[in-house]
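Colleague:
There are 4 protein chains.
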Amino acid sequence: MAVVGTGRMGADHVRRLTEVISGAHVAAVVDVDTGRAEAVAAGVEGCAAYADTAEALAAPGVDAVLVASPGPAHEAALLTAFEHDLPVLCEKPLTPDPASALRLLEAERRLGHRRVQVGFMRRYDREYLALKSLLDSGELGRPLLLHHRHRNAGAPPGFTDAMMINDSVAHEMDVTRWLLGQEITAVTVLRPRPSAHAPAGLSDPQFVVFETDGGAVADVEIFLTARYGYQVQAEAVCENGTARIGDGHGMLVSTAGRWGGTVTPGYLERFEDAYDRQVQAWVDATRRGEVTGPGIWDGYAVAAVSEAAVRAQREGVRVEVELVERPALQD
Amino acid sequence: MAVVGTGRMGADHVRRLTEVISGAHVAAVVDVDTGRAEAVAAGVEGCAAYADTAEALAAPGVDAVLVASPGPAHEAALLTAFEHDLPVLCEKPLTPDPASALRLLEAERRLGHRRVQVGFMRRYDREYLALKSLLDSGELGRPLLLHHRHRNAGAPPGFTDAMMINDSVAHEMDVTRWLLGQEITAVTVLRPRPSAHAPAGLSDPQFVVFETDGGAVADVEIFLTARYGYQVQAEAVCENGTARIGDGHGMLVSTAGRWGGTVTPGYLERFEDAYDRQVQAWVDATRRGEVTGPGIWDGYAVAAVSEAAVRAQREGVRVEVELVERPALQD
Amino acid sequence: MAVVGTGRMGADHVRRLTEVISGAHVAAVVDVDTGRAEAVAAGVEGCAAYADTAEALAAPGVDAVLVASPGPAHEAALLTAFEHDLPVLCEKPLTPDPASALRLLEAERRLGHRRVQVGFMRRYDREYLALKSLLDSGELGRPLLLHHRHRNAGAPPGFTDAMMINDSVAHEMDVTRWLLGQEITAVTVLRPRPSAHAPAGLSDPQFVVFETDGGAVADVEIFLTARYGYQVQAEAVCENGTARIGDGHGMLVSTAGRWGGTVTPGYLERFEDAYDRQVQAWVDATRRGEVTGPGIWDGYAVAAVSEAAVRAQREGVRVEVELVERPALQD
Amino acid sequence: MAVVGTGRMGADHVRRLTEVISGAHVAAVVDVDTGRAEAVAAGVEGCAAYADTAEALAAPGVDAVLVASPGPAHEAALLTAFEHDLPVLCEKPLTPDPASALRLLEAERRLGHRRVQVGFMRRYDREYLALKSLLDSGELGRPLLLHHRHRNAGAPPGFTDAMMINDSVAHEMDVTRWLLGQEITAVTVLRPRPSAHAPAGLSDPQFVVFETDGGAVADVEIFLTARYGYQVQAEAVCENGTARIGDGHGMLVSTAGRWGGTVTPGYLERFEDAYDRQVQAWVDATRRGEVTGPGIWDGYAVAAVSEAAVRAQREGVRVEVELVERPALQD
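Protein chains in written order, with the numbering used here: chain F, 1176 to 1506; chain B, 1176 to 1506; chain A, 1176 to 1506; chain S, 1176 to 1506.
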């Protein structure tokens, strides 16, 4: 595939497609800054650098496009992708204003089938997925209110009041729509007296209230200079209970007189990530010609303790464990 | 690479290497049950099935071996891998007894370099890694006690008292050794009156106490028929504080008058998994010829709400949002 | 003292003053329903029932007044108490409207000293006190936003939209003012589509937004038919961190990269309530001529186990405990 | 009543009986250190100081005795109380050894009725009571294991290994017996290498294992120099689930695939303590001739905000709040 834009976000996607994702190969990268594109391409086997998107999308091995260029460049990149009928993953924002988004809507309609996925990645977060799944199950009844908290440790240089809406609260716009399956019909923004830590000219924090066509109300605390870390939380208040995510506890549900979370049913759910990381670490080490992780000594020591423990279990006594001396190779 | 053993664990590793892991290709699978091997091989492009390990390890494209056959078969498989000097990831247990483990230790010594990683996958779990990293930092001082809880929803059929030690508590043996960097020197096992839900002949739960050569004490509750789910917890009691994992909260540390956890510093730490899952989902859908996830309509709706919100912010009033009619293609 | 009003709240205060509070004696109760007043007075030694407040407040042994009559009757009761210059604890609301409250303000001014405490009892809740104390310490910097949640299991019969404000949200008005030390300057109320469980005619839940003269914004979710229980939560968002109460965890503070709570420094803080309850239970049992709680048998059994444990500790062995037969008296 | 012993614990009980507990009056205090007894008596109206227990127990107004003298003096004090047939609350330990406890058991048998409550105050802690009540309900099935943690910030000067058992672990002996309704039949003590912060000569922490006549196993971590605070935790592992107290979360129960706690059903359960503290604070201030807490100004401000909020609610607009100037008296 091709990756359009090789800035921070684009370069990270190239790394992801190459080192993390299974089943993808980056054959072309595009950037108006050709030096940057070439530097990224140099790190990927069989990847060429381009200055022109149309040329890159026509290159061999390009069956899909990831667009990570700045927002104002998205419309042109997507129209080029449509000419080649390529599937696109387009970083948010789709475009900087509704008029250009409408033009893309019309272009995709002419194409006759959907080709674009927009990078609202919160829809792929485990906790948001759990909340969505719970709401969709109907178990808690209809959602009435959503409370969102969106806190950053600090504001990037040059951040403006409008960027708080367009770049930050945009996430809550999407998840409000997605979680509820409703469109937002009205917006109110309150601006408390800014924090002493807010950069000059930025009214931080702000408090945004959405109303939806389903009669729900959603509020968003957006706070860029929260200082203590990054925290994204959401709470759905429903007819039969409430559910909250983002506390670092998994999803907490309050219903029928109890609050709490779920216990994983088995080891695969609990340790699935550990299995994946173990095998990826082994594959990566093997490709580097290295051996890492627990070795034969560890297998031996556990076998020796197991043997002693089975005797302790059977005989009801304390059993001492004897190990051979640890060979130098196993340190 | 080759995968030896295509039972539940082996087949899952083939799936992982093929669909999840980046940079690996399964070229050979081996099983004495050739039908099973062939069924697994059929699902992987360019993968052949073998009944004989030596033959499989000599096949083209085999630079590494994952051993997932039953424990008693591990020694032979590893010795074969040593003949080809191949790196091995060997599922636990390394071997069923210390004597055979010692023979492998000697074989690897003759080889002259480490070739084997044993599948103690808890060392790759995020929470165990966080605990290990905290203990190694010295921030909490020397660890004095470890409390382990290991609860399964139910015991597999045919599980015996000895298997509770060899298959279940073996994990706690390894993590005790790894977390402390100490060897276990003595074992005691207590058997309370079994639960009414324990299968006939199984003394479940049991309580195991380890002493180590560093003077620490570790206790393990092993409970196979805990019924309510799978729970693996560990608490380290140190000179300056305690740290606990496995409550579904991340790691909780108590020190200097406070208990609690960390807040992620930024969005990459918080949403790294969501980014990975988003791109993997897009790659997978693209390979299936499908488009899923949020589309242009979602990008448009967020742009329209953003435009209204920026006006609400600037003018201090409630602003209504107007959307065009949703096109059929975008449903 | 005298208690004016012997309905549910008044009768509960008489019980509290008689059975829980140290240093108070209820000498007079007043109610227009004389039967109800007499029934309550009958349960308290040396307590007389009155139909007329003026008469009750002139009775011997009345040095203070607790007013628990309905809100519209408060003004008259307080003016009578002012004539006797008695200290008053007046249940909330002080009066049903600002005009009558202003008349009381003027009456107290003429008296020349404060005589009235209003029953905003949340100011005496441990968690609210902890939050107030944290905000006042300045450790988290200036508070910028307050998020309140106020959920009841169900609405009392006959509850109206106005009562949601006057009876329920009144608590959040007071704690917002008290926590911030600021007055509220503007109010907005949003009404999402009501829950299917809301009684006919009640728009439940509602979402209320306060602005204050210090530039803070506070929001209140008021939800009377939350069904799953009673939940009152508050979160203060400050310049250097956030603090949340009401989750059933004590106060959780997020600051400087960490979230969490405090560990009690010693056993008195942890078990102070248990000591109080133990002694109150013993005093109550003694007054009833009964002996309850752990007895000599328990003291003996612990002494015997202690003796065995000290030997086990000294000798490093398992020691069995021998008890005499338990006497019938000790069952 | 009389209080025997006016050291730290005894003086605190005199304060509790006088200022906190309803329905008790301390008429006599006894101490061999007569100066200490007189100092304590001086602070309580109608209380006399004695050097001799027999004389004190015969004094007018003494219907019950609280014994808070050192353990070795308990036997004599209780026998004197038995002569007057007085109910006794005796601080733990009942006596320092099983032989003297047996003599008291026999003395009470001769008396023919129970007269003694031993001060195992954990049985009156809300969380232990909740755990006991859950276990007794049978909902979780039979308890199989108990895990206790008992951590102090630091060891008192002169603390010995034996005192760790007799003074500290004694609490866990009692609650193990009480929670399970079983007697302890065997004890094992393990001593890990001591913390660097343990006082010279103290082997701290230690790990104690109890076996009971019901076939349960209970373990106790006792750690006196845990430094970070005071933490007492207990976890019951039962056939159908586990329950844990002491994390500062209330009781957490894991059962049927979920973990969590209960939500209070109503405001009385949630704010009962706040109501009690409010009225006690008012009674105490009244007795001191003071007025504290929220006053008429607060009642007025809430009435004014309520009036505005009801209009905001009805008319769907933002409503400003107008307050009169705050009078000096109300500051």
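We put the beta carbon where it would ideally sit given N, CA and C, even for glycine.
1. Thinking C-beta only, is L1354/F closer than 8 angstroms to L1315/F?
2. Can you find the residues in the same chain that come closer than 7 angstroms, C-beta to C-beta, to P1268/A, ignoring five residues on each side of it along the sequence?
3. Please state the DSSP three-state secondary structure of I1196/F.
4. Taking a Cβ distance cut-off of 8 angstroms, strictly less, list which residues of the segment 1189-1208 of chain F are near chain B, in chain order.
5. Residues of chain A with CB under 9 angstroms from L1433/B, in chain order?
6. Nearest-angstrom Cα distance between E1414/S and T1209/A?
7. Three or more C-beta pairs under 8 angstroms: does that hold for the segment 1350-1366 of chain F against the segment 1493-1504 of chain B?
8. Have a look at M1296/S and E1283/S and give me their C-alpha separation to the nearest angstrom.
9. What are the boundary residues of the beta strand (DSSP E) that V1319/B is part of?
10. DSSP three-state label for Y1225/F, please.
11. DSSP has V1178/S in a bridge; who is on the other side?
12. So, A1223/A versus A1203/A, is the Cβ gap smaller than 8 angstroms?
13. On the DSSP bridge list, what partners appear for I1471/S?
14. Could you tell me the alpha carbon to alpha carbon distance between C1395/S and H1325/S, rounded to whole angstroms?
15. What residues in its chain sit with their C-beta under 7 angstroms from that of E1347/S, if we drop five residues either side in the sequence?
16. List, from N- to C-terminal side, the beta strand (DSSP E) runs of 3 residues or more that fit wholly inside the segment 1352-1409 of chain B.
17. Report buried or exposed for T1467/A, applying the criterion of at least 16 other Cβ atoms within 10 angstroms of its Cβ.
18. According to a CB-to-CB cut-off of less than 7 angstroms, which residues of the segment 1323-1342 of chain A neighbour chain E?
19. Below 8 angstroms CB to CB, which residues in the same chain sit around R1493/B once its five sequence neighbours on both sides are set aside?
20. Can you tell me whether P1380/S is buried or exposed? The criterion is at least 16 other CB atoms within 10 Å of its CB, across all chains shown.
21. For E1500/A, which three-state DSSP category applies?
22. Going by C-alpha distance, which of G1470/B, V1485/B and A1460/B is nearest D1506/B?
23. Since R1297/S meets chain A, which of its residues come closer than 8 angstroms, beta carbon to beta carbon?
24. Going by the DSSP bridge assignment, what does Q1292/A pair with across the sheet?
25. Taking Cβ positions only, does V1412/B come closer than 8 angstroms to chain S?
26. Applying the 10 Å Cβ sphere with the 16-neighbour rule, what's the burial state of G1313/S?
27. From A1276/B to A1478/F, what does the alpha carbon distance come to, in whole angstroms?
28. Under 8 angstroms, CB to CB, which of the residues in the segment 1386-1412 of chain B have a partner in chain F?
29. I'd like to know if the segment 1189-1199 of chain A and the segment 1449-1456 of chain S are in contact, where contact means that at least 3 CB-CB pairs between them fall below 8 angstroms.
30. Could you tell me the alpha carbon to alpha carbon distance between A1216/S and D1448/S, rounded to whole angstroms?
31. Tell me which residue opens and which closes the alpha helix (DSSP H) that R1433/S is part of.
32. Chain A partners of F1382/F, CB-CB under 8 angstroms?
33. In whole angstroms, give me the CA-to-CA distance for R1138/B and M1176/F.
34. Name the one or two DSSP bridge partners that A1479/A has.
35. Please name the residues in the segment 1365-1378 of chain B whose beta-carbon is closer than 7 angstroms to at least one beta-carbon of chain S, in chain order.
36. Beta-carbon within less than 6 angstroms of A1205/A's beta-carbon, same chain only, minus the 5 sequence neighbours each way: which residues are those?
Modeller: Once the coordinates are examined:
1. Counted from its first residue, the first sequence places residue 1315/F at position 140. Counted from its first residue, the first sequence places residue 1354/F at position 179. Cβ distance not < 8 angstroms, so L1315/F and L1354/F don't count as in contact.
2. Working through the third sequence from its first residue, we reach residue 1268/A at position 93. Correct list, in chain order: G1246, N1341 and A1345.
3. Taking the first sequence and counting its residues from 1, one reaches residue 1196/F at position 21. In the structure shown, I1196/F sits in coil (DSSP, three-state: anything other than H, G, I, E or B).
4. R1191, L1192, T1193, E1194, V1195, I1196, S1197, G1198 and A1199
5. Looking up residue 1433/B in the second sequence gives position 258. According to the sequence shown, residue 1433/B is Arg rather than Leu. Result: V1428, R1433, G1435, G1436, T1437 and V1438.
6. Reading the fourth sequence from its first residue, position 239 is the one you call residue 1414/S. Reading the third sequence from its first residue, position 34 is the one you call residue 1209/A. Between E1414/S and T1209/A, the C-alpha separation is close to 56 angstroms.
7. yes
8. Here residue 1296/S corresponds to residue number 121 of the fourth sequence, with the count starting at 1. Here residue 1283/S corresponds to residue number 108 of the fourth sequence, with the count starting at 1. Each residue's Cα considered, the two are about 22 angstroms apart.
9. On the second sequence, residue 1319/B is found 144 positions in, with the first residue counted as 1. Per the sequence shown, the amino acid found at residue 1319/B is Leu instead of Val. P1318 to R1326 is the extent of the beta strand (DSSP E) around L1319/B.
10. Mapped onto the first sequence, residue 1225/F falls at position 50. The answer is strand: DSSP assigns Y1225/F an E or B state.
11. Counting from 1 along the fourth sequence, the entry for residue 1178/S is found at position 3. Looking at the DSSP assignment, V1178/S forms a beta bridge with V1204/S and L1241/S.
12. Taking the first residue of the third sequence as position 1, residue 1223/A is located at position 48. Taking the first residue of the third sequence as position 1, residue 1203/A is located at position 28. In contact: A1223/A and A1203/A (Cβ atoms closer than 8 angstroms).
13. Within the fourth sequence, residue 1471/S is the residue found at index 296, counting from 1. The partner list for I1471/S (beta bridge, DSSP) is empty, contrary to what the question assumes.
14. Reading the fourth sequence from its first residue, position 220 is the one you call residue 1395/S. Reading the fourth sequence from its first residue, position 150 is the one you call residue 1325/S. The sequence as given places Val at residue 1395/S; Cys does not occur at that position. Distance between the alpha carbons of V1395/S and H1325/S is about 7 angstroms.
15. Walking along the fourth sequence from the start, residue 1347/S turns up at place 172. Within the same chain, E1347/S has close Cβ partners H1323, H1325 and V1395.
16. 1359-1365, 1381-1387 and 1392-1398
17. Position 292 of the third sequence, counted from the start, is the residue given in the question as residue 1467/A. By the neighbour-count rule (16 or more Cβ atoms within 10 Å), T1467/A is not buried but exposed.
18. Although the question refers to chain E, the structure presented lacks it and instead comprises the protein chains F, B, A and S.
19. Taking the first residue of the second sequence as 1, we reach residue 1493/B at position 318. So the qualifying residues of the chain are A1487.
20. Position 205 of the fourth sequence, counted from the first residue, corresponds to residue 1380/S. By the neighbour-count rule (16 or more Cβ atoms within 10 Å), P1380/S is buried.
21. Reading the third sequence from its first residue, position 325 is the one you call residue 1500/A. Residue state, collapsed to three classes: coil.
22. By 1-based counting over the second sequence, the position of residue 1506/B is 331. Ranking the options by Cα distance to D1506/B, first place goes to G1470/B.
23. On the fourth sequence, position 122 is the one that residue 1297/S refers to. Those are F1446 and A1449, listed as they occur along chain A.
24. Along the third sequence, one-based indexing puts residue 1292/A at 117. Looking at the DSSP assignment, Q1292/A forms a beta bridge with L1264/A.
25. The residue given as residue 1412/B occupies position 237 in the second sequence. Chain S, which has a Cβ nearer than 8 angstroms to the Cβ of V1412/B, makes this yes.
26. The residue you call residue 1313/S lines up with position 138 of the fourth sequence. So G1313/S ends up on the exposed side.
27. For the purposes of this step, residue 1276/B is taken as the residue at position 101 of the second sequence. For the purposes of this step, residue 1478/F is taken as the residue at position 303 of the first sequence. So the alpha carbons of these two residues sit roughly 7 angstroms apart.
28. Y1403, G1404, Y1405, Q1406 and V1407
29. Result yes; three or more Cβ-Cβ pairs closer than 8 angstroms.
30. In the fourth sequence, counting from the first residue as 1, residue 1216/S sits at position 41. In the fourth sequence, counting from the first residue as 1, residue 1448/S sits at position 273. Answer to the nearest angstrom: the Cα atoms are 30 angstroms apart.
31. In the fourth sequence, the residue the question calls residue 1433/S occupies position 258. Taken as a continuous stretch (DSSP letters only), R1433/S belongs to no alpha helix (DSSP H), being part of the beta strand (DSSP E) at R1433 to T1437.
32. Taking the first residue of the first sequence as position 1, residue 1382/F is located at position 207. Per Cβ cutoff of 8 angstroms: L1320, V1384, V1392 and D1394.
33. The requested residue 1138/B does not occur in the structure, where chain B is confined to residues 1176 to 1506.
34. What you label residue 1479/A is simply residue 304 of the third sequence in a count that begins at 1. Answer is none; A1479/A lacks a bridge partner.
35. L1365, P1367, R1368, S1370, A1371 and H1372
36. Your numbering for residue 1205/A matches position 30 in the third sequence. With the sequence shown as reference, residue 1205/A is identified as Val, and Ala is not the correct amino acid for it. Excluding positions up to five away in sequence, the list reads V1179, Y1225, T1228 and A1231.
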